[in-house]
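Quick note on UniProt numbering: the sequence shown kicks off at 1 and runs consecutively. Ideal Cβ positions, reconstructed from N, Cα and C, are used throughout, including at glycine.
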Amino acid sequence: MCDSAGGDRELQQPKGVMAALELANAALKEIERLRKEQEQVIRKINNYHSKLQQSPEQADNMKEDSWFKLRQYYMKAKSLAEEEATVSSNCVEHLAGLLPGQAASNRKKPDSNEKKRKRVRADDSTRLSSPTQRSTSAAYANLVPGDQVAARISSDGAENDEWIVVKLTKHDREANRFEVIDEEPDDEGNGQSILRKYKLPPSQIIPFTKRSDVSNAPDFPVGSQVLAVYPGTTALYKASVVGPQRKFDGDEEEGVAGLPTKIVPFYHVVQLPSGHRQ
């Protein structure tokens with residue numbers, strides 16, 4: 001027979017086991033809930049893409065609120081997936097604590113090599129989470145003739161930077177130059193109009209997010225400084241994001257702090273270039 005002290009010790013372990021099992025069970029139920037919610041969101045996303053695949057011209061006819069709604073679905077799906085990963089990790093920790101020898105091994109301090117590996121992984125994560133040359137190069141590599149891009153047509157020594165929307169006509173890879181054309185003709189004053197052409201380096205070109213690529217549209221936080229196409233024109237101006245949709249801050253009309261707010265499609269908004277002059 002076990003004495004009363006021994007009996008007390010026998011009763012303490014099941015309580016810890018039951019607590020861990022209850023936590024793990026709760027985590028599994030939460031994972032199931034998240035999965036069901038993800039399925040609903042993904043179904044809505046697939047419905048959008050199915051319609052676009054059946055009739056690609058709908059991409060040009062879709063209203064702005066439809067694009068915004070699709071983007072919100074993508075952001076929701078991403079958030080749910082990240083939440084599921086966190087809950088799954090917690091569930092694994094609860095279950096690992098029930099395995100013999102796991103508690104002691106979990107308390108063991110990592111050796112120096114493990115610390116180095118963690119530092120390397122952290123460094124890699126930091127590099128990947130910020131705008132990188134790799135992602136920028138990919139955006140330029142995906143450009144094809146006919147694409148609209150933002151182009152700085154002012155010289156390097158100009159007092160103000162002038163950015164406009166142009167159409168890409170050719171990428172001269174040997175010279176590393178983009179040939180573009182300003183589709184808004186200039187009136188020469190003699191009854192004739194001409195389309196101006198430019199040959200610019202990558203530093204003076206910013207690719208727009210494609211209309212059909214909502215999932216990769218930049219998520220600019222409120223207060224972010226951007227370049228946005230002023231509605232009804234081909235000119236880009238420095239602007240501030242003042243809401244979940246892109247809104248232009250200019251110098252006319254009444255709006256936030258005396259500045260106007262304009263709804264601008266996500267595919268007409270780009271990151272404000274470093275050193276922008278205006």
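**Prompt:** Rounded to a whole number of angstroms, what is the C-alpha to C-alpha distance between V242 and R277?
**Reply:** 21 Å
_Inter-residue Cα distance where the pair is D65 and H171_ = 34 Å
N216 versus Y74, L143, L34, L21, residue with shortest Cα-Cα distance: Y74
Q.
Check for me: the alpha helix (DSSP H) holding T86 runs from which residue to which?
A. 64–96
Going by beta carbon distance, what residues of the same chain come within less than 8 Å of K197, once the five residues before and after it are set aside? T169, E179, V180, I181, D182
query = What's the C-alpha gap between V270 and R35?
reply = 34 Å
### Query
Who are the near neighbours of D8 in its chain, counting only those whose CB is closer than 8 Å to its CB and skipping five residues on each side?
Reliability fails at D8, whose pLDDT of 44 lies under 50, so the model's placement of it is uncertain and the value that follows must be treated cautiously. Excluding residues within five positions, none has a Cβ falling inside 8 Å.
Worksheet item: To the nearest angstrom, how far is it from the Cα of P185 to the Cα of S55?
Response: 32 Å
- Item | Helix, strand or coil at D172 [DSSP, three-state] | strand
Quiz prompt | Reduced DSSP category for F266 - H, G, I as helix; E, B as strand; rest coil | solution = helix
In three-state terms, what does DSSP make of A217?
coil
Worksheet item: Ends of the beta strand (DSSP E) at A158?
Response: Run containing A158: none; DSSP gives neither H nor E here.
Could you pull out every residue in the same chain whose Cβ sits closer than 8 Å to the Cβ of P231, ignoring the five residues on either side in sequence? F248, K262, I263, V264
Which residue from E93, K76, P273, I42 puts its Cα closest to that of I206? P273
Can you tell which of A27, A235, K210 has its C-alpha closest to the C-alpha of H94?
A27
Just the Cα atoms here: how many angstroms apart are D156 and S203?
11 Å
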